[in-house]
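Just below is one structure, and these are the notes that go with it.
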Amino acid sequence: MLLPLRKVLVVLFGLCWAVAAQQSAESKIPLCAQICLLEAFQTKACAPTDKACICTNAKFQAPVSACVAANCTIPEALVQPNKHSATKNYSLRNCGAPIRNRGPKYVVISNVMISITAVFVIIRFAFKIVYSKLEIGLDDWAVLACVLTAIPSAIVTVFGTVRHGLGQDIWTLEPEEITKMLKYFYVMASLYFTELSLLKLTLLFFYIRVFPSKPVQRLLWGTVIFVVLWGLVFVCLAIFQCQPISYFWTHWDGLHEGHCLDINAITVSNAAISIFLDLWILGIPLWQLWGLKMHWKKKVGVALMFCVGTFVTVVSILRLSALVHFAQSSNASWEFYDVSLWSTIEISVGCMCACLPTLRLLLVKIFPVLAGSTTRSRQQYYNYGSGNELKDISANANSRNPRSRTSKSGLSSIARSQTSPPFPHDNGITVKTSYTVERMHSDTDEASLVSHENEKK
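Note that the numbering used here gives residue 261 to position 261 of the sequence shown, counting from 1, and the numbers run on in steps of one.
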């Protein structure tokens, strides 16, 4: 990234130093650049007083750019000789270039997203602990850990990266600000990889509790192991990608020694694997749904519920497109903005989607009309509980148990059997009636969102 950055700086600053020079401001220009300007004026491509020519003439800009790249360091192009005050767009203002700053917009988006996400998670835990007295599972702890990791990330965004120049052009920043911005961005990268892994574990743990079939359980646990290893590998890569570690935030000036792995390859490969995992995790419940003997309308409804998570995949794809542009960036503080913004949105939206089943149950409890008609049918359903058993509710009660009542995980059923008294004649007709009344409380369980009818064994 160093060489392209140097070229951008010399083009933007070199062509405008001449304008500054004609205003008797040579003292604010590094000596190396003043020499380059004098040599450029000797080509007579532009007159020293022709501001429009100096700002737009490629024949004048080319020798200035080459000279500055060969004789000036990047800090010299950014600061005044006293090394204490940045040019702050001094030269660019002379050419009428605008000063851009997207930082405040990012602060608003980050604060709003993390606040909404925290509310969703609080509702999830409050509903389970206070209202429904449900068991707190691994999926709940995973989403909580994800949010607790996202909060420091939001703080770093507001008081770290944005405060020190994220969302601004790099040539408007002091060298100290650039270094601090990259240092905070380094912290955000490690937190992001952690959050992303926890988010995927949240969905996997939820499916583990919903789908107790042994083949599916093995598939899900295998995916969990892969996600854990994937997360650990990329967190370690984010931490130790440069040697020494500080070289990540100091290499931009070309004055420090060290080496880094291909940062672009790390970020792009992580995003590509993340998108693949999103599709894989989405495919597991859809695969289970395909094998059920269920009316196609119900299948579509359940599928749409699971497909809400595809919005996270869409955000991941948008982030990947930003990474492709980021890979070619020579304006780090400006281009890192898109990557940071989409990363924040991706994590927040993912946590909110993971909490939607619980939010739906709360809304159904508050507004029962949303639950639709009560379903009483011969069916099998996956029980969401500690045992993860597959419950098979038979339509016929056991004749040896004329009255039975069971209750577990929000399910209660009453089975009755009644036989009419025999007729006095031996050749009479005996009538036997049996029936089952069952009730499932949909407000006790996310798994009740999926109603399985006559599952194929």
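All residues carry an ideal CB built from backbone N, CA and C; glycine is no exception.
Separation of residue j from residue i, as counted between CA atoms
i: I464; j: L204; result: This structure does not reach residue 464, given that the chain is present from 1 up to 457, and the question cannot be answered.
i: T179; j: V315; result: 29 Å
i: R124; j: C355; result: 6 Å
i: I35; j: A238; result: 42 Å
i: F211; j: V349; result: 24 Å
i: W342; j: A40; result: 43 Å
i: L182; j: Y247; result: 10 Å
i: V216; j: I151; result: 34 Å
i: L277; j: L196; result: 11 Å
i: L134; j: L199; result: 21 Å
i: L362; j: V227; result: 30 Å
i: I122; j: A69; result: 54 Å
i: V130; j: I114; result: 23 Å
i: I250; j: H256; result: Before going on, a small fix: residue 250 reads as Thr here, not Ile. Roughly 7 Å between the two C-alpha positions.
i: Q61; j: G254; result: 23 Å
i: C67; j: A33; result: 8 Å
i: K365; j: L173; result: 54 Å
i: C260; j: V268; result: 16 Å
i: V119; j: F311; result: 20 Å
i: P63; j: T43; result: 9 Å
i: I116; j: I263; result: 32 Å
i: T149; j: A52; result: 51 Å
i: A154; j: G165; result: 16 Å
i: N82; j: I317; result: With a pLDDT of only 43 at N82, under the threshold of 50, the placement of this residue in the model should not be trusted, and no figure is reported.
i: L390; j: L359; result: Reliability of the predicted coordinates at L390 is poor, the pLDDT of 37 falling under 50, and no value is obtained from them.
i: R163; j: A265; result: 28 Å
i: K59; j: G283; result: 58 Å
i: L279; j: A322; result: 20 Å
i: C236; j: V112; result: 30 Å
i: V339; j: I347; result: 12 Å
i: T223; j: L31; result: 60 Å
i: L229; j: S65; result: 47 Å
i: I345; j: Y337; result: 12 Å
i: V300; j: K214; result: 25 Å
i: R209; j: F159; result: 39 Å
With 16 other Cβ atoms within 10 Å as the buried cut-off, status of residue i
i: E335; result: buried
i: T406; result: Per-residue confidence for T406 stands at a pLDDT of 42, beneath the threshold of 50, marking its modelled position as unreliable; the derived number appears in the next sentence. So T406 counts as exposed.
i: C55; result: buried
i: W252; result: buried
i: A189; result: buried
i: P368; result: exposed
i: F234; result: buried
i: L37; result: buried
i: I225; result: exposed
i: I245; result: exposed
i: F98; result: In the sequence under discussion, the amino acid at residue 98 is Pro, which differs from the Phe named in the question. When all chains shown are included, P98 counts as exposed.
i: A142; result: buried
i: K105; result: exposed
i: Q241; result: buried
i: C351; result: buried
i: Q288; result: buried
i: S448; result: Caution is warranted here: a pLDDT of 46 is assigned to S448, below 50, making its placement in the model unreliable, and the coordinate value is therefore given only provisionally. With 16 or more Cβ atoms within 10 Å of its Cβ, S448 is classed as buried.
i: T375; result: Note that T375 has pLDDT 42, beneath the 50 cutoff, so the model's placement of it is unreliable and the number below is only indicative. Exposed, because fewer than 16 other Cβ atoms sit within 10 Å of the Cβ of T375.
i: E176; result: exposed
i: L201; result: buried
i: T313; result: buried
i: G231; result: buried
i: L220; result: buried
i: T161; result: buried
i: V147; result: buried
Extent of the continuous alpha helix (DSSP H) run through residue i
i: L166; result: Element bounds for L166: n/a, residue is neither H nor E.
i: R218; result: K214 to F240
i: C33; result: Per the sequence shown, residue 33 should be read as Ala rather than Cys. Segment L31 to F41, the alpha helix (DSSP H) holding A33.
i: R360; result: A332 to I366
i: K51; result: K51 to T56
Neighbour flag for residue i against chain B, beta carbons, 8 Å
i: L261; result: Absence of chain B from the displayed structure is noted, only one protein chain being present.
Nearest-angstrom beta carbon gap, residue j and residue i [assumed within contact, 8 Å]
i: A271; j: L320; result: 4 Å
i: I170; j: A332; result: 6 Å
i: T157; j: S110; result: 5 Å
i: Y184; j: P285; result: With a Cβ gap of about 38 Å, Y184 and P285 do not count as contacting.
i: N57; j: A45; result: 6 Å
i: N71; j: G167; result: Going by Cβ atoms, the distance from N71 to G167 rounds to 31 Å, so no, they are not a contact pair.
Residue i CB to nearest heavy atom of the ligand NAD below 7 Å
i: Y106; result: Inclusion of the ligand NAD in the displayed structure is not the case, the ligand content being empty and no account of it being possible.
**Asked** What are the uninterrupted segments assigned as alpha helix (DSSP H) that are 4 or more residues long and contained completely in the region 245–273, given in chain order?
**Response** 247–250
**Request:** Ignoring anything shorter than 4 residues or poking outside the region 123–211, list the alpha helix (DSSP H) runs there in chain order.
**Result:** 138–156 and 175–210
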